[in-house]
Amino acid sequence: MRRRGALFLLPALALPRPAPAQTPVPRGEFWFDPTQLPSFTGTVERYLLNPRGETDALIFREGPQIVFPPDVAEAVRQVAPQGRPLVVWGIRARTAPVITMLAFAPGSDATPTVVERFYWRLGGRLPEERATRLAVAGTVKQPYYAPQGEVAGAILEDGTVILVPQGMAEGMRDLLRPGAKLAAEGMGQEGEGGRALLASALGDQPGTLKPLPPPQR
């Protein structure tokens, strides 16, 4: 009888214990969990506009640029205002300190918010018809990178973004390097969030501007 009772208890002892409850991570439209990608933590130094007047990037105080779709800009800003930390999961370019955001959170212990789509292309940042003509000048803080890592322009010390026509940056590296003096004219937008333009003329001073070919659309 004792042996029979022991055998009767074995199945009950073998039952798996229920897993502890976990907060689900929203997956967006991805077929994978973006938070399995590398994470990057930094302090938001400033948000950046594109020539359409949209916020679609930020700079970490530690140096890297983070790019994201304009439609999540307000959510990112709410989570991490200027001067606050931010954790980003995403893809870092091979050749430059620029990261395409796929998820973000205010800290490693918070539930991440997943970005719904990749934000790869510079073409969608070209100025619209309602853009105005701007003239800017200042000192280059760092190059402005395409998500794939190519130099696509410059960011001035005051946060102004100067985008150059596709394929033109390679011959202008001296003007786009950190610490260089840079002046530009072109179509773009400015407001409380900053300034950004697509350069139609570029030089080291306002009086030395040289025209650039129009962008390929």
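Residue numbers (mature numbering (1 follows the signal peptide of the UniProt record, and there is no 0)): -21 to -1, 1 to 196.
We put the beta carbon where it would ideally sit given N, CA and C, even for glycine.
Bear in mind the structure is a predicted one, so any value in this text is a computation, not a measurement.
Reduced DSSP category for residue i - H, G, I as helix; E, B as strand; rest coil
i: MET166; result: strand
i: ALA114; result: strand
i: ALA(-1); result: Bear in mind that the predicted position of ALA(-1) carries a pLDDT of just 40, short of 50, making it unreliable; the figure below should be weighed with that in mind. DSSP places ALA(-1) in coil when its eight states are reduced to three.
i: PRO106; result: coil
i: LYS189; result: strand
i: ALA159; result: coil
i: ALA148; result: helix
i: THR90; result: coil
i: residue 214; result: Lying before the first or after the last residue shown, residue 214 is absent from the chain, which here runs from -21 to 196.
i: ARG6; result: Bear in mind that the predicted position of ARG6 carries a pLDDT of just 47, short of 50, making it too unreliable to give a figure here.
i: LEU81; result: strand
Residue i versus the options, residue with shortest Cα-Cα distance
i: GLY138; options: LEU161, GLY146, GLY128 and GLY173; result: GLY173
i: ALA54; options: VAL77, PHE19, GLU95 and THR74; result: GLU95
i: THR90; options: TRP99, THR14 and THR22; result: THR14
i: VAL115; options: TRP99, THR74 and ILE134; result: ILE134
i: VAL130; options: ILE38, PRO64 and ALA148; result: ALA148
i: ALA180; options: PRO144, ALA159 and ILE38; result: PRO144
i: PRO192; options: GLN184, GLU164, GLY186 and ASP183; result: GLU164
i: ARG40; options: ARG63, PHE97, PRO106 and ALA125; result: ARG63
i: PRO60; options: THR111, VAL46, GLU24 and MET80; result: GLU24
i: VAL140; options: GLN121, ALA110 and GLU108; result: GLN121
i: ASP12; options: ALA82, GLY132, ARG56 and TRP99; result: ALA82
i: ALA52; options: ARG73, SER87 and VAL93; result: VAL93
i: GLY32; options: ALA110, ASP88 and VAL58; result: ALA110
Distance CB(residue i)-CB(residue j) smaller than 8 Å
i: LEU113; j: GLU169; result: yes
i: LEU176; j: MET166; result: yes
i: LEU28; j: THR22; result: no
i: VAL119; j: ALA159; result: yes
i: ALA162; j: LEU142; result: no
i: LEU65; j: PRO48; result: no
i: GLY67; j: PHE19; result: Sequence check: residue 67 is Val here, not Gly. Cβ distance < 8 Å, so VAL67 and PHE19 count as in contact.
i: residue 203; j: ILE70; result: Residue 203 lies beyond the range of the chain shown here (-21 to 196); nothing can be said about it.
i: PRO43; j: THR79; result: no
i: PRO157; j: LEU105; result: no
i: TYR98; j: ARG56; result: no
i: TYR124; j: ALA178; result: no
Residue i - containing alpha helix (DSSP H), residue span
i: ALA52; result: 52 to 58
i: ARG152; result: 152 to 155
Boundaries (first-last residue) of the beta strand (DSSP E) holding residue i
i: ARG71; result: 64 to 71
i: PHE47; result: Here PHE47 belongs to no beta strand (DSSP E), and DSSP marks it neither H nor E.
i: ALA175; result: 173 to 182
i: ALA75; result: Careful: ALA75 lies outside any beta strand (DSSP E) and carries neither H nor E.
i: LEU142; result: 140 to 142
i: GLY132; result: 130 to 135
message: At 4 residues or longer, what runs of the alpha helix (DSSP H) sit wholly inside the region 9 to 39?
response: Within the region 9 to 39, no complete alpha helix (DSSP H) segment of 4 residues or longer occurs.
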